[in-house]
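In terms of this note's numbering, the numbers along the sequence shown are unbroken and rise by one, the last being 347. We put the CB at the ideal spot given by N, CA and C, even for glycine.
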Amino acid sequence: MADPRTEPAARRSFLIGGHEIPARPLEPALYIVSTPIGNLSDITVRALETLAAADVIACEDTRVTRVLLDRYGIRRKLAAYHEHNAASAGPRLLADLAEGKAVALVSDAGTPLVSDPGYRLVGEAVAAGIRVVPIPGASAVLAALTASTLPSDAFLFAGFLPVKEGQRRTRLEALKTMPATLVFYESPHRLPESLAAMRDALGGDREAAIARELTKTFEEFRRGSLSELAAHYAEAGSPKGEVVVCVAPPGEEEAATPEDLDRLLLSLAAELPASKAAGEAARMTGSPKQDLYRRLLELKDRGGDG
């Protein structure tokens, strides 16, 4: 295969409305490129130009990304990079970057690094002195939040809940007193049980919104209390398509206690190293990271019983 950097400049182009637009050369860097979450028209001109000019495009599934590139007439080299091959694919991408190539990182949909392994690659690139450039765009988190009717001045993206019931309950209890709208991703077949768990752990009267198939033909929002939504999906069954769940913040009477903070720390420490767990807890609560780190070490020394 020919080196993409030696290909004719005319081939580094993209199509909009049937018009071919040449892409300007990119400086060597790792470009974090947001792509549409459903509707292929939801992509920025800057993202198209970056993808057209990149030496390598790293993506979760080459077949998914190829559909987007074909839509806009982009012909670039694709390299698979996902959670199952990150250990082997990551070093190859870092080697490309070290050679002075421009590497674009995309996920199957939306903004990379949100619930995918791209953060490891970004961290390794920065540690190696490589420039990282964000190319912003579509995000299911923000799309759901803006149409949820819930407060958006402060929100917490909590990703996917654990599959196991006990871990899921612990995670929700740790989030119960967070003074922010909570945003979750959820698999459609787990939505009924997850809503029931949220109802029980967070309080059944909290307002919530289910966003399904965002930007696609059958986009749907269903709003109501957690009790109402849990009852609806218990009867209707699992929906089809991608799902985002937004849950309103707690009422003033649900102020956080030291025990709540301990539960949050232990929940995060089950998934992250101690320093990162303390940092994430600090981001979520506004408490000093140093204090939280010391408290987490105390909890671990006591066996996590507080």
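Checklist entry - Taking the continuous beta strand (DSSP E) assigned at residue 226, which residues delimit it? => result As a working note, residue 226 is residue 185 in the sequence shown. Per DSSP, the continuous beta strand (DSSP E) segment holding residue 226 begins and ends at 222 to 227.
Next on the checklist: Whole angstroms are fine: how far does the CA of residue 100 sit from the CA of residue 120?
Outcome noted: If you number the sequence shown from 1, residue 120 lands on position 79. If you number the sequence shown from 1, residue 100 lands on position 59. Straight-line spacing of the CA atoms in residue 120 and residue 100 works out to 6 Å.
Item to check | Beta-carbon separation (whole angstroms), residue 267 vs residue 253, contact threshold 8 Å | outcome: Walking along the sequence shown from the start, residue 267 turns up at place 226. Walking along the sequence shown from the start, residue 253 turns up at place 212. The Cβ separation is near 16 Å, so there is no contact.
Next on the checklist: Is it buried or exposed, residue 84, if we count other Cβ atoms within 10 angstroms and call 16 or more buried?
Outcome noted: One-based indexing of the sequence shown puts residue 84 at position 43. The residue is buried, with at least 16 neighbouring Cβ atoms inside 10 Å.
Next on the checklist: Three or more C-beta pairs under 8 Å: does that hold for the segment 213 to 230 against the segment 268 to 275?
Outcome noted: No: the two stretches stay apart, fewer than three of their Cβ pairs being nearer than 8 Å.
Item to check | Backbone secondary structure at residue 72 - three-state DSSP | outcome: Here residue 72 corresponds to residue number 31 of the sequence shown, with the count starting at 1. Residue state, collapsed to three classes: strand.
Checklist entry - Rounded to the nearest angstrom, how far is the Cβ of residue 142 from that of residue 174, given a contact under 8 Å? => result Mapped onto the sequence shown, residue 142 falls at position 101. Mapped onto the sequence shown, residue 174 falls at position 133. A Cβ-Cβ separation of about 14 Å leaves residue 142 out of contact with residue 174 under the 8 Å criterion.
Item to check | Per DSSP, cross-strand counterpart(s) of residue 60 | outcome: Position 19 of the sequence shown, counting from 1, holds the residue named residue 60. Looking at the DSSP assignment, residue 60 forms a beta bridge with 57.
Item to check | Nearest neighbour of residue 56, chosen from 90, 75 and 105 [CA to CA] | outcome: Numbered from its first residue, the sequence shown carries residue 56 at position 15. Of the listed residues, the one whose Cα sits closest to residue 56 is 90.
Item to check | Option in 258, 315, 288 and 163 with minimal Cα separation from residue 81 | outcome: Translated into the one-based positions of the sequence shown, residue 81 becomes position 40. Taking only the C-alpha atoms, the option nearest residue 81 is 258.
Checklist entry - Apart from the five residues on each side of it in sequence, which residues of its chain come closer than 7 Å, Cβ to Cβ, to residue 37? => result What is shown of the chain runs 42 to 347, which leaves residue 37 out entirely.
Checklist entry - Is there contact here, the segment 122 to 132 with the segment 53 to 68, by at least three beta-carbon pairs under 8 Å? => result With a cut-off of 8 Å, the segment 53 to 68 and the segment 122 to 132 do not count as touching, because too few Cβ pairs lie within range.
Checklist entry - Which full runs of the beta strand (DSSP E) of 3+ residues lie inside the segment 189 to 261, going along the chain? => result As far as the segment 189 to 261 is concerned, its whole beta strand (DSSP E) runs of at least 3 residues are 196 to 201, 222 to 227 and 248 to 253.
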